[in-house]
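Below you'll find the structure, written out as C-alpha cells, and then a few comments.
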Amino acid sequence: MSNKQVAVENEHPVSVAVKPTPVPQSDRMKQALELPNGARFYRCALQVNPFAYLGRHNHQTPYSTEQEYNKAMIQAFLDEGIEVIGVTDHYRAEDSKKLVEEARAAGIHAFNGFEAVTRDGVHFLCLFDPDKDDLLERFIGNCGVHNQDEESPLGNKYCPDLLSSAREWGAICIAAHVASDQGGLLKKLSGQTRMDVWRSADLMACALPGPVSAAPDSLRPILENKNSQHKRPRPIAVINASDVNGPEDLKKQGASCYIKMSQVSVEGFRQAFLDPSSRIRLLSDPQPEPHVEFLAMTWEGGFLDGTSVHFNENLNVLVGGRGTGKSTMIESMRYVLGLEPLGEDARNAHDGVVRHVLRSGTKISMLVRSHKPSERCYTIERSVPNPPVVKDDNGEVLTLKPRDVIPGVEVFGQHEISELTKSREKLTILLERFIDHDPNLTGRKTKIRLELEKSRRRIVDLERERAGHTERLAALPALEETQKRFKDAGLEDKLKEKSQVIREERVFTGVTERLDPLKALNAELLEALPIDTALISEKALDGLPNADILGEMRTVLDELSGELGKIGSSFGKALANTQKKLDGIKNQWDKRRQAIESTYEKLLRELQKSNVDGEEFIRLRKQIEELRPLKDRTEGLKRDLESNHAQRRKLLSEWEDIKASEYRELERAAKKVKKELDGRVRVEVIMAGNREPLETLLRERIGGNLASVLERLRQAEQLSLQDFAQRCREGKEALTKHYGFTSAQADKVSQASSELFMEIEELDLPATTKIELNTAGEGDAPQWRTLEQLSTGQKATAVLLLLLLESEAPLVVDQPEDDLDNRFITEGVVPIMRQEKRRRQFVFSTHNANIPVLGDAELILGLAASGEAGGDEGKARVAKEHMGSIDSAPVRELVEEILEGGKEAFEMRRTKYGF
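Mapped onto the numbering used here, the consecutive letters of the sequence shown carry residue numbers -5 to 909.
Structure, rendered in C-alpha cells:
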C-alpha cells in the first residue's frame, strides 16, 4: 500500500464508539451509525521505536528479525487497544517505514516521524501526516543530519529554530521526556532560554512517563502553569509517551495516553494540544462512567426527509443559517421522546413545527443507549401525529414509554429557558433533578392522599346523615306533645293493637337493614376473586433464577381463591336462606296484621261518629316510631364522627411529615447547587410558596370578591394550611385575629362548608425557588441579584447553569445564546459545559462561536437547506463533510463562515481588538 493510498484512506476515518452496538433493525439506522460522529478518544503511543533502533542502542530483544518484531508489536497494539502510533527513531525515518506500513495495513493510524535532538541537547518528537512520508529525509537533512552512522545524531538547530521549522514543515512537535535528565527540556535548559522556549507558541505539548503530580517538585509548578516566570497564555498539553522497545513496554502506564480527535491527523493533535483539559486523558486520570445517550436519529418525510445523524456521546452542536432546520431538529427530538414543553409559548412553537414543518406522516426514529442496570439499546419511533413506540434490539414493540428507557432527558426550545424564568414554581422542577427520589416516599404520599380523600368523603357523609337526622328529630317534641293529648283523650287504649303493629313493622325494617352490610360484604368478596396472579405468572417469572420456587406462590393463591370462592358461595346461600326465612316469618305476621287492620278499620268508623280522627293518631304514632330509632343512630353517628376525625388527624400529621420531607430534599438540593456554583448562583427554596392551588379552590368554592383575602394569603410569609382550616372552623373572629381579614371577609370564608376546610388541609402547595445570580465581574465583590432584577439574558444564564449541572441524562437546548449575555457564556456557561460533558451528553443548536469553539464541541453538524421549511419543496440536509469536530478542515471553514458574521467578522475582531 502506497503512502498516498494510506493518506486518502485515513483522511476521513469513521469515528465510531469502541464498544460494539447491537444492530438495530432499520437499514436507515444502520446507515446513520456509519456516519462520522465527531471527536472521540484514541489511545495513542507516540514514541514507538523501530527494530533497527534496538540494535543500534544495544537493547535486549527476543526477536531476531524485523518481521518478527513488527508482527509482535502490531499484535500488542491491537491487544492493548492502541489505535494511533508514532514511530520516532533518532533523526531516522527509513528504518521506520515497514513498521508504519504494516501497522496501517492492520487498521492502526501510524505516523512516521523522528526524534530530534537540538543543538542545545533537547529531545523533541516530530510527527508528520502520511502525505509527508517521502519528505522526512529532507527534513532531517534540514536539521544538519546527513551521517546515519551515528548512534544518536545531534542536529544543528536550537530549540526555537526547530520548533519554527517544524511548524513550516506541517509537523507537530512534542517535548520528549520533558522532566528527564536525558534531554528533557526542563532539565537541559535553564534561565531565560528555558523560559523563552517553554513559552513559545510553537511548543504545544510535552511528554511525561506519568501524571503531572509525579513530576519533580521543582518542575511541577511549571507544568501546571503556576510558575510566573514560565507562565504561558495557554497551559501546555501534558501527554504520556515514553520509549516503546517491545510489546511489554506498552503495558506501562506512561507509554500511552488518550487523545481526542475526529480526524486522526497532525491537525487533530494540534487541536487537542490547544485544548488539553478537554482532549487529553492520561491513563492515570479517572475514566468517566458511561451515561445514557442518543446514538443516532433519522427522518423520513417532512423538511428533514432523508436526514440522518450519528451523535457523539459528549457535546453536539448544530450550526447553520436561519431556516436550515436547527429548531426543527431540536423539536423533532422533543416530539419523538414524547416530552411536553414547560412554557405556553414553547408549546405553541413546538406545535407549529410539528404541524407545519414536520407534517403528518413524517416518521422520526431515534436510537438510544442505556447503561443501567446493563447496557442495552432501544429504538424510539414516532410518526406524526401518533404516539411514540419503543422497540428493543430485535424490533419487538415494548410496553415502555420513551421516559422509561431514557429517563431524565430534558429538551428546551428557542427562548424556552427565558420563559421558564418567569415561573418560580417551574424553577423548582429544575431542583428536583438533584434529588435521589425515594420511591417509598412517593408511594406513601399517594396512599395518604387517597386515604385523606376517603376520610373526607366518610366524614361528609356522616355529617350529612347526622344533620338530616337532627333536622328530622327536631319535630319529635311537638309530635310527642300531640300524642300526649291523644292519650289524654283515651285514644291510645282504643287503638293499642294498631300502635303495636306499627312498632312491629319498624322491627321488620330494622332486621332487614341489618342484612344490607353483609350482602355488600359478600358482593365485595366475590368481586375480588379470583386473586390476580399476573405478578407471578410463568411469563412474569421467565428468566428469574428461582422461578420454580416463586411459581409455588401461584398455586397457593389459586387454592386460596378456590377456598374463598366456596366461602363466598356459602355466605351468599346463607344470606338467601336467612332472607327466605325472614320472608316466611313476615308472611305469618302479615296474616295477624290483616286481622288487626280489619278491627282497626271498624274502630275508625266508630270514632268518626264521635268526631275523633283515629287515623291521624296512627299517622302520628307511625311518625314517632320512625323517629325514635334516629336518636340512637344520631348518637352512633357522633361516635363515628369522633373516630373518623381522630383517624384524620393522624393522616394529616403524616401528610405534613411527607411534605416536610420533600421540602427538606429540595433544601438539600439547593445547598448542593450553591456549592457546585459557588460564587455564581445562589438558590433558596420557599416552602408552600405557590399559593395558586389554594386561591383556585377558594374562588371555585366560595366565589365572589375575594381579591383582598387572596392577597392576604399570598403575602403571608409562612402559611399552615391546617391552621388556616382550623381558624375557618372557629369562625370569623379567629380569621380576623390571625389572618387580618375584615369582619365581612372573615364571615364569608367561615360560612363555607366543612368539606371545603378539609379540602384545604389536603392541598399540596408546591415549593417555589428563588434564584440569585452574581453579576459582578471576575475578581470583584459579589453583587447578588434575584431573577426579577436581572436582564433577560442574565435570567437565562442562571437557569442554564442549573441545567448543565449533575445529570447523566442528555440535555438538548435550541440556540441558548438568544437569551444569554456573551460574558456569561464565556465565564459561566462554557466552563461548566466543558466539565459536565465528560459525564453527560449535550445537544445544542447555535449561531454563537463560543459554544462550539470554547466549549470544544466533539461533534459539529452543519445544516443547509433549500426552499422554505413549511413549503412543499423545502428540504434540509447535513453533508457528510460537515459532520465532525473543529480539527476537520471543512467543519472549521463552516464554523468560520456561518457563525457570528463569518470569517470576515472573525478577522475584523482579531484586527481591531488584537484577538
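Beta carbons: idealized from backbone N, C-alpha and C, even for Gly.
Counting only unbroken stretches of 3 or more residues, the beta strand (DSSP E) elements lying wholly within the region 285 to 361 are 287 to 294, 302 to 304, 309 to 313, in sequence order. Ranked by Cα distance from G135, the options K181, A169, Y85 are led by Y85. In the structure shown, the three-state DSSP call for K632 is helix. Inclusion of I324 and V405 in the CB contact set at 9 Å is warranted, their separation being smaller than that value.
Secondary structure note for V679: its beta strand (DSSP E) is the uninterrupted segment 675 to 680.
Per the coordinates, the alpha-carbon of P270 lies some 58 Å from the alpha-carbon of L691. Runs of alpha helix (DSSP H) with 4 or more residues, each lying fully within the region 231 to 277, are found at 260 to 268, 270 to 273, listed in chain order. Distances from the alpha-carbon of S637 to those of H841, E727, L456 put L456 closest. The three-state reading of DSSP puts Y733 in helix, counting H, G and I together.
The secondary-structure analysis by DSSP pairs D83 across a beta bridge with R86, F108. Nearest in C-alpha terms to V454, of all of Q783, A858, M752, is M752. Bounds of the alpha helix (DSSP H) holding K533 are 532 to 535. Here S364 is bridged, per DSSP, to R370.
Contact check for L855 and M877: beta-carbon distance about 6 Å, within the 8 Å limit, so the pair qualifies. Nearest Cα to K366 within the set E338, L446, P284: P284. In this structure, L794 places its C-beta atom within 9 Å of the C-beta atom of V823.
V232 has its alpha-carbon roughly 10 Å from the corresponding atom of H171.
In this structure, the beta-carbon distance from V311 to A851 falls below 9 Å.
For T763, the three-state secondary structure derived from DSSP is strand. Under the three-state reduction of DSSP output, T786 falls in the helix class. Exposed is the label assigned to H53, since fewer than 16 other Cβ atoms lie within 10 Å of its Cβ. One alpha carbon belongs to L519, the other to E546, and they sit about 24 Å apart. Distance from the Cα of P215 is smallest, within the candidate group P203, A235, W192, for W192.
Residues of the same chain with a CB within less than 8 Å of the CB of N239, apart from the 5 flanking positions on each side, are N43, Y47, L48, H53, T55 in chain order.
Residue environment for L631: buried (at least 16 other C-beta atoms within 10 angstroms of its C-beta). Put simply, the backbone Cα of E811 is about 18 Å away from that of E891.
Beta-bridge partners of E375 (DSSP): S359, V383.
Residue state for N768 is assigned as strand, using DSSP reduced to three classes.
Contact between the region 726 to 736 and the region 649 to 659 is absent: fewer than 3 CB-CB pairs across the two stretches fall below 8 Å.
Minimum Cα-Cα distance from E465 among the listed residues T628, E162, E766 corresponds to T628. Only residues of its own chain outside the window of five on either side were considered, and among them S321, I324, E325, R328, P335, A340, A343, H344, D808 have a CB closer than 8 Å to the CB of G407, listed in chain order. The residue among P282, A104, S655 with its C-alpha nearest the C-alpha of T436 is S655. Annotated three-state conformation of S184 is coil, per DSSP. In this structure, the CA atom of P241 is about 6 Å from the CA atom of M67. If only uninterrupted alpha helix (DSSP H) runs of at least 4 residues are considered, those enclosed by the region 139 to 206 are 153 to 163, 179 to 182, 185 to 192. Boundaries for Y36: no alpha helix (DSSP H) harbours it, while the beta strand (DSSP E) harbouring it runs 34 to 42, taken from the DSSP string.
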